[in-house]
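Chains as they are written, first to last, in the working numbering: chain A, 329 to 483; chain B, 329 to 483; chain C, 329 to 483; chain D, 329 to 483.
Glycine included, each C-beta is placed from N, C-alpha and C at the ideal position.
Just so it is clear, the structure is predicted and the values come from calculations on it, not from any experiment.
Report on the following structure.
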């Protein structure tokens with residue numbers, strides 16, 4: 329079992345990938361908010377650049393689908409990390425290489441209106457090759473904006 | 329039937345909405361390439377900011393889902409324009425207000441590698457309230473990167 | 329508010345539609361198990377006729393998608409009944425006419441092995457024209473076999 | 329390259345699996361109509377048992393999703409057969425064991441009204457582990473009733 333420092337380094341490594349190394353995540357302003365193994369969370373703030381419906385001032389559907397895709401991928405990745413518990417950090421982080429979305433469904437439930445948003449992902453099933461995850465996107469008043477279901481290749 | 333000038337003004341109105349008024353479309357660099365009533369097209373160029381997998385240098389899944397959502401919406405919108413043939417331009421353009429994605433499926437077929445990309449949308453069915461559209465995303469070598477199917481509320 | 333007898337008659341009317349009037353529901357052996365307004369349930373027993381993978385003896389994917397579609401429709405229908413609380417029974421039951429699936433996603437998580445199965449549906453959002461529902465299918469040991477998300481036209 | 333007799337035996341083997349060994353395909357009355365490697369087809373006739381909407385007399389949504397699932401699976405299977413060209417028939421047919429639907433989207437476009445129906449499947453991409461297929465269901469007047477997109481595990 330890794331010590332506190334090793335765990336911190338590993339979490340920092342995951343954050344480094346999702347928050348800073350992925351260029352489009354930076355465009356969206358995504359921040360990993362929780363690395364809970366079972367329900368990781370990603371947050372971002374409203375900004376004018378993220379608007380789709382300029383009449384309502386609501387999030388672009390593509391911002392919503394992007395965050396849902398990233399959060400589903402993070403949930404699949406965390407599910408894999410869990411399976412690799414005890415393995416060296418470098419090996420665990422390297423699994424990011426193999427991660428890819430096979431397909432994704434997004435249901436747009438309400439206009440994406442708010443000042444900040446949080447997406448939570450969880451795994452429905454992790455197999456050897458494919459993980460199926462679900463994702464919820466809420467605004468700061470806990471209104472459910474959109475949900476998603478995605479299949480990810482993990483190996 | 330509208331004259332050449334009226335048609336130009338109407339096309340210019342649609343371009344104005346999709347290319348310039350929607351902030352996140354500008355972030356993505358989307359340009360309406362064709363306003364063919366049956367198969368409208370949207371184009372954008374690769375830029376570092378749009379990368380997801382920084383190892384492969386490929387498009388972020390969210391860029392792909394965003395473009396697919398916009399192009400499906402444009403196809404639904406054009407389908408509606410067709411039904412409103414003969415109506416005043418302001419009334420036709422105003423239908424953009426009512427346009428919204430209900431749900432969307434994206435299938436990621438190949439890594440989004442290329443220098444420029446083109447998405448084409450078409451309508452499978454237009455009802456009174458709901459349009460179902462399909463979208464294909466190809467790179468400049470005509471490789472099929474991703475496809476999508478979306479349901480849009482149109483009234 | 330309807331009295332006990334009125335409520336019984338109304339529940340019996342819904343059961344009549346789903347259990348007996350829909351021919352293919354009878355082929356599948358579906359039975360409305362609960363008419364909970366928020367989480368209606370449908371049950372059916374394993375029978376050889378419902379097998380798809382004859383090597384594993386598991387449910388056919390089409391049986392799974394059928395039950396998920398029916399249960400999602402029932403959840404959308406119950407959501408509508410809730411909105412119509414206080415209206416005459418005939419008017420409420422007549423809404424079945426307008427009910428139709430727009431689209432459906434099914435995620436097959438585990439082989440459909442078991443002696444009996446229960447599907448539970450719930451509404452994510454009910455609008456004026458469209459309801460979005462989710463459905464879970466479990467076997468008698470509470471193993472999650474499959475989940476679904478569907479959009480239904482309700483008016 | 330197999331001779332005419334070998335090819336006949338192999339096609340007969342595939343038909344044996346899909347038409348006769350899968351119990352629920354028999355309930356639906358499905359018949360493999362074409363084993364074209366790129367666009368296999370499945371047919372079935374309308375029967376009262378397959379009705380969902382008893383007011384319209386149209387196919388049950390579950391019949392539609394079932395046929396779409398089977399046809400998508402057949403297209404994935406044929407895609408795999410193509411890759412295994414030259415291998416012994418027993419090995420090729422044995423791949424049926426590994427075939428499984430990961431997820432499926434169905435879009436219901438028009439009421440399933442008609443006397444007979446034909447579903448055609450084709451592969452969008454075949455990888456090492458996952459195939460993505462699309463399916464169309466038409467009635468005898470070539471009206472498009474429904475379409476689907478599915479991801480299948482093939483190994």
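Assuming residue i contacts residue j under a Cβ cut-off of 8 Å, what Cβ separation, rounded to an integer in Å, is found between them?
i                     : j                     : result
residue 382 (chain D) : residue 350 (chain C) : 6 Å
residue 402 (chain D) : residue 346 (chain D) : 6 Å
residue 390 (chain B) : residue 390 (chain A) : 7 Å
residue 426 (chain C) : residue 482 (chain C) : 6 Å
residue 392 (chain D) : residue 472 (chain D) : The pair is not a contact, with the Cβ atoms about 12 Å apart (cut-off 8 Å).
residue 404 (chain C) : residue 474 (chain C) : In fact, because the Cβ distance is near 18 Å, the residues do not count as touching under 8 Å.
residue 395 (chain A) : residue 355 (chain B) : 14 Å between Cβ atoms; not a contact.
residue 369 (chain D) : residue 448 (chain D) : 5 Å
residue 380 (chain D) : residue 463 (chain D) : Between residue 463 (chain D) and residue 380 (chain D) the Cβ distance is about 19 Å, and since that is not below 8 Å, they are no contact.
residue 386 (chain D) : residue 342 (chain D) : In fact, because the Cβ distance is near 30 Å, the residues do not count as touching under 8 Å.
residue 359 (chain D) : residue 371 (chain D) : 5 Å
What does residue i touch in chain C if you count any residue whose Cβ is under 8 Å from its own?
i                     : result
residue 457 (chain B) : 457, 458, 481
residue 383 (chain D) : 425
Does the Cβ of residue i have 16 or more other Cβ atoms within 10 Å, making it buried, or fewer, making it exposed?
i                     : result
residue 419 (chain D) : exposed
residue 412 (chain C) : exposed
residue 455 (chain A) : exposed
residue 443 (chain C) : exposed
residue 469 (chain B) : exposed
residue 366 (chain A) : exposed
residue 446 (chain C) : buried
residue 329 (chain D) : Reliability fails at residue 329 (chain D), whose pLDDT of 49 lies under 50, so the model's placement of it is uncertain and no value is given.
residue 414 (chain B) : exposed
residue 348 (chain C) : exposed
residue 352 (chain A) : buried
residue 332 (chain C) : exposed
residue 364 (chain D) : exposed
residue 397 (chain C) : buried
residue 339 (chain B) : exposed
residue 479 (chain C) : buried
residue 336 (chain B) : exposed
Does residue i come within less than 9 Å of chain G when only Cβ atoms are used?
i                     : result
residue 367 (chain B) : No chain G appears in this structure, whose protein chains are A, B, C and D.
Along chain A, which residues have their Cβ under 9 Å away from the Cβ of residue i?
i                     : result
residue 452 (chain C) : 435, 437, 472, 475
Determine the chain C residues that contact residue i at a beta-carbon separation under 7 Å, and present them in chain order.
i                     : result
residue 397 (chain D) : 389, 390, 393
Could you tell me which chain D residues have their CB closer than 7 Å to the CB of residue i, listed as they occur along the chain?
i                     : result
residue 408 (chain C) : The contacting residues do not exist; residue 408 (chain C) stays about 16 Å from chain D at best.
residue 380 (chain C) : 350, 352
Interface residues of chain D around residue i at Cβ under 9 Å?
i                     : result
residue 376 (chain C) : 351
Mind checking the stretch 426-443 of chain D against chain C and listing, in chain order, the residues whose C-beta falls within less than 9 Å of any C-beta there? 427, 428, 429, 430, 431, 432, 433, 434, 435, 436, 439
Would you list, in chain order, the members of the stretch 331-358 of chain A that have their beta-carbon closer than 9 Å to a beta-carbon of chain C? none
Which whole runs of the beta strand (DSSP E) in the stretch 333-373 of chain B are 3 residues long or more, in chain order? 359-362, 369-373
Which runs of the alpha helix (DSSP H) spanning at least 4 residues fall entirely within the stretch 363-440 of chain A, listed in chain order? 389-411, 417-422
Jot down the residue ranges of each uninterrupted beta strand (DSSP E) in the stretch 449-482 of chain A, minimum 3 residues, whole runs only, in chain order. 458-467, 472-481
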